[in-house]
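Participant: First residue of the sequence shown: 59, per the working numbering; consecutive thereafter.
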Amino acid sequence: MLQLIQQDDNQIAVQIALVYSKIARFDFPADWPNLFSDLMGILQNGQSPPTVLAVRRVYLILHHVLKELSSKRLPGDKRTFAEVARFLFAHVWNQWCADTQLLLEGLPAGLEAPQAAGSAPLLCFERWLLLLKIVRRLILFGFESDAKSLQPVEAVNACMPPMVHTLQRMVALMCGSKADPTSGAGIDLSAGKRPARSHLAAMLQRGVLKLLKTQCQVQEVHPWSVW
């Protein structure tokens with residue numbers, strides 16, 4: 059199935075990711091123990107670095123597989139998911155931080171001149187959102203609630219300050235951007251029309267909402283580890 063990962067068509071790629079997730083629900087870990095090590099091997103192949111498309115598809119598969127596995131409620135399944143979280147978390151979190159830095163550096167220019175920026179910021183944003191969903195699921199379902207264990211969760215202690223800082227930076231960009239549809243710049247009052255919002259500005263708003271939702275959910279599950 060690894061040969062199917064580099065699929066150009068987005069709709070087909072989603073279906074492949076869903077197939078991975080349904081098989082993983084029944085076959086992992088007993089009949090498919092190397093599922094995650096194979097996927098991570100694609101990302102960490104030093105001899106043959108993965109293409110940008112391959113990286114995006116691996117994270118898409120991880121998102122759907124983790125979503126499926128996190129819905130299992132038996133104690134043994136929860137322990138298995140905790141082991142997966144420990145295996146994946148460091149890599150996923152470090153990649154999210156790296157993509158966050160790229161986004162914060164490139165967003166001002168991209169929002170100012172979306173056409174000049176091209177598709178690179180959008181592709182980075184799509185991967186950033188996938189990684190955020192993965193991080194969220196790992197934290198919520200891969201670590202026992204500190205309200206039950208009475209022990210702080212180190213992953214939450216490490217993640218929340220950067221997430222809060224990123225949210226503040228993105229909100230500032232969203233409010234100050236000329237691409238913000240709530241600003242009056244460029245409105246044709248005679249025609250009664252507002253200028254179309256750029257795709258990047260729409261992605262920024264979506265990212266802010268996802269990041270805010272993630273922080274609220276993490277605080278609900280791990281209230282004592284947030285600060």
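Note that the Cβ used here is the ideal one computed from N, Cα and C, for glycine as well. Quantities reported herein were computed from a predicted structural model and do not represent experimental measurements.
Tell me the DSSP secondary structure of residue 136 in three-state form.
Facilitator: The residue you call residue 136 lines up with position 78 of the sequence shown. Here DSSP, grouped into helix, strand and coil, assigns residue 136 to helix.
Participant: Nearest-angstrom Cα distance between residue 208 and residue 125?
Facilitator: Here residue 208 refers to the residue found at position 150 of the sequence shown. Here residue 125 refers to the residue found at position 67 of the sequence shown. Their backbone Cα atoms lie some 26 Å apart in a straight line.
Participant: Could you name each continuous alpha helix (DSSP H) segment of 4 residues or more that falls completely within the stretch 111-180, going from the start of the chain to the end?
Facilitator: 133-170, 172-175
Participant: With distances taken from CA atoms, which of 112, 86, 89, 85 is nearest residue 98?
Facilitator: As a first step, residue 98 is located in the sequence shown; it is residue number 40 there, counting from the start. Per the Cα distances, 112.
Participant: In chain order, what residues of the same chain have a beta carbon less than 6 Å from the beta carbon of residue 154, not counting five sequence neighbours either side?
Facilitator: One-based indexing of the sequence shown puts residue 154 at position 96. If we look at residue 154 and ignore the five residues flanking it on each side, its Cβ neighbours are 189, 193.
Participant: Between which two residues does the alpha helix (DSSP H) harbouring residue 213 extend?
Facilitator: Within the sequence shown, residue 213 is the residue found at index 155, counting from 1. According to the DSSP assignment, residue 213 belongs to the alpha helix (DSSP H) that extends over 212-234.
Participant: Counting pairs of Cβ atoms below 8 Å between the stretch 217-225 and the stretch 272-281, do you hit three or more?
Facilitator: yes
Participant: What three-state label does DSSP hand residue 257 in the structure shown?
Facilitator: Against the sequence shown, residue 257 aligns to sequence position 199. In the structure shown, residue 257 sits in a helix (DSSP, three-state: H, G or I).
Participant: Return the CA-CA distance between residue 204 and residue 281, expressed in angstroms with no decimal places.
Facilitator: Looking up residue 204 in the sequence shown gives position 146. Looking up residue 281 in the sequence shown gives position 223. If you take the alpha carbons of residue 204 and residue 281, they lie about 7 Å apart.
Participant: Compare the Cα-Cα distances from residue 167 to each of 185, 256, 59 and report the closest residue.
Facilitator: Position 109 of the sequence shown, counted from the start, is the residue given in the question as residue 167. Considering only alpha carbons, the answer is 256.
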